[in-house]
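J.: Numbering (my numbering), first residue to last: 27 to 165.
Just so it is clear, CB atoms sit at the ideal spot from N, CA and C, and this is done for glycine as well.
1) Using 8 Å for Cβ pairs, my map puts residue 105 next to residue 152. What's the rounded Cβ distance?
2) State the Cα-Cα distance for the pair residue 133 and residue 85, rounded to the nearest angstrom.
3) Rank 114, 159, 149 and 118 by C-alpha distance to the C-alpha of residue 136 and give the top, closest one.
4) May I ask you to report which of helix, strand or coil DSSP gives residue 101?
5) Rounded to a whole number of angstroms, what is the C-alpha to C-alpha distance between residue 129 and residue 123?
6) Apart from the five residues on each side of it in sequence, which residues of its chain come closer than 8 Å, Cβ to Cβ, to residue 46?
7) Kindly provide the ranges of any beta strand (DSSP E) runs that are 3 or more residues long and lie completely inside the segment 85 to 139, ordered along the chain.
8) Report the option in 70, 100 and 38 whose CA atom is closest to the CA atom of residue 113.
9) Just the Cα atoms here: how many angstroms apart are residue 97 and residue 80?
10) Taking the alpha-carbon of residue 42 as reference, which of 74, 126 and 56 has the nearest alpha-carbon?
11) If you drop the 5 nearest sequence neighbours on each side, which residues of the same chain put their C-beta closer than 7 Å to that of residue 108?
12) For chain D, find out if any of its Cβ atoms is closer than 9 Å to the Cβ of residue 89; answer yes or no.
13) Under DSSP, the alpha helix (DSSP H) around residue 28 begins and ends at which residues?
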């Protein structure tokens, strides 16, 4: 049996839930399986795959010798599961890219964002937007 999900308590005492996602590449139809943190699950679901990658190279000189040191950082990959079951995968969520996912509801979503003073600058803002959309009846 394959593990489909797991939970743990982080260092701040908060529960964290990870789920295995099967995501089809839209160009090749190749299916990839990844574990991602489940932020919201509903009609629209929001997941984050936390990736640690080299973000820059830092040169350090010691004893007249220069060493190149890789600097690592998180490069999150965001997965938005649409009501159709397909995934939108991106490294950065913008207002425009999000609205393109719901062309028929663009005007209503823009009104909802303005009414609630929401933007796409943080994970918590995107979480709030998706929570609101899951409660609305127009999807």
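T.: Looking at the atomic coordinates:
1) In the chain shown, residue 105 corresponds to position 79, counting from 1. In the chain shown, residue 152 corresponds to position 126, counting from 1. That pair is no contact at about 12 Å.
2) As a position in the chain shown, residue 133 is number 107, starting the count at 1. As a position in the chain shown, residue 85 is number 59, starting the count at 1. So the two alpha carbons sit approximately 50 Å from each other.
3) In the chain shown, residue 136 corresponds to position 110, counting from 1. For residue 136, the nearest C-alpha among the options comes from 159.
4) Within the chain shown, the letter at position 75 stands for residue 101. Residue state, collapsed to three classes: coil.
5) As a first step, residue 129 must be located in the chain shown, where it is residue number 103. As a first step, residue 123 must be located in the chain shown, where it is residue number 97. If you take the alpha carbons of residue 129 and residue 123, they lie about 10 Å apart.
6) Translated into the one-based positions of the chain shown, residue 46 becomes position 20. These residues qualify, in order along the chain: 28, 29, 30, 31, 59, 60 and 61.
7) 91 to 100, 103 to 107 and 113 to 116
8) Within the chain shown, residue 113 is the residue found at index 87, counting from 1. Nearest of 70, 100 and 38 to residue 113, Cα basis: 70.
9) Indexing the chain shown from 1 puts residue 97 at position 71. Indexing the chain shown from 1 puts residue 80 at position 54. For residue 97 and residue 80, the distance between alpha carbons rounds to 6 Å.
10) As a working note, residue 42 is residue 16 in the chain shown. Out of 74, 126 and 56, 74 has the C-alpha closest to the C-alpha of residue 42.
11) Start at 1 with the first residue of the chain shown, and residue 108 comes out as number 82. Within the same chain, Cβ atoms closer than 7 Å to the Cβ of residue 108 are found at 70, 114 and 127, the five residues on either side in sequence being excluded.
12) No chain D is part of this structure, which consists of one protein chain only.
13) Here residue 28 is taken as the residue at index 2 of the chain shown, counted from 1. Neither: residue 28 is in no alpha helix (DSSP H) and is coded neither H nor E.
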